[in-house]
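Undergrad:
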Amino acid sequence: MKVNRNKLINVINEKWRTKNCILCGANNWTIDDKVVAPLSVGKNASIELGGKIIPLVAVTCNECGNTIFLNPLVINAIDE
Ligand SMILES: [Zn+2]
Numbered sequence: 000m001k002v003n004r005n006k007l008i009n010v011i012n013e014k015w016r017t018k019n020c021i022l023c024g025a026n027n028w029t030i031d032d033k034v035v036a037p038l039s040v041g042k043n044a045s046i047e048l049g050g051k052i053i054p055l056v057a058v059t060c061n062e063c064g065n066t067i068f069l070n071p072l073v074i075n076a077i078d079e
């Protein structure tokens, strides 16, 4: 699964009215190239594998490290 950066950036520019970081107020972000997925946690804090994943792209504030995750499937920003 690959993220379509152009589509992602277009959606961010269209939807994010203000792009200032909620922690530090800066507008200086890096969009990661990779799609990642959180792991499901099972009994006794073990990792559960199998089933659907939630694809996420990290968008990180370069000033303070605050990281926002966007689901590229929801905004149609995936190149298969
Ligand atoms: Zn910040």
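Quick note on numbering that gives the first Met the number 0: the sequence shown kicks off at 0 and runs consecutively.
Ideal placement from N, C-alpha and C gives every residue a C-beta, glycine not left out.
For clarity, every value in this text was computed on a predicted model and none was experimentally measured.
Let me check understanding here. Comparing Cα to Cα, which of N70, V73, T59, D78 lies closest to N26?
TA: One-based indexing of the sequence shown puts residue 26 at position 27. Among N70, V73, T59, D78, the Cα nearest to that of N26 is on T59.
Undergrad: Quick one: grab the DSSP three-state call for L38.
TA: Translated into the one-based positions of the sequence shown, residue 38 becomes position 39. Correct three-state label for L38: coil.
Undergrad: Considering only their Cβ atoms, is the gap separating P71 from I52 smaller than 9 Å?
TA: One-based indexing of the sequence shown puts residue 52 at position 53. One-based indexing of the sequence shown puts residue 71 at position 72. Against a cut-off of 9 Å, the Cβ pair of P71 and I52 comes out as no contact.
Undergrad: In the DSSP assignment, find the beta strand (DSSP E) that holds V10 and state where it starts and stops.
TA: Stepping through the sequence shown from its first residue, residue 10 is reached at position 11. Element bounds for V10: not the beta strand (DSSP E) but the alpha helix (DSSP H), 4-14.
Undergrad: Is N65 near I21, with beta carbons less than 9 Å apart?
TA: Here residue 65 refers to the residue found at position 66 of the sequence shown. Here residue 21 refers to the residue found at position 22 of the sequence shown. Yes, the pair counts as a contact, with Cβ atoms nearer than the cut-off.
Undergrad: N19 to W28, Cα distance in whole Å?
TA: Locating residue 19 in the sequence shown gives position 20, counting from the first residue. Locating residue 28 in the sequence shown gives position 29, counting from the first residue. Looking at the two C-alpha atoms, the distance is approximately 9 Å.
Undergrad: Whole angstroms is fine: what's the gap from F68's alpha carbon to N61's?
TA: Here the question's residue 68 lines up with position 69 in the sequence shown. Here the question's residue 61 lines up with position 62 in the sequence shown. Each residue's alpha carbon lies about 15 Å from the other.
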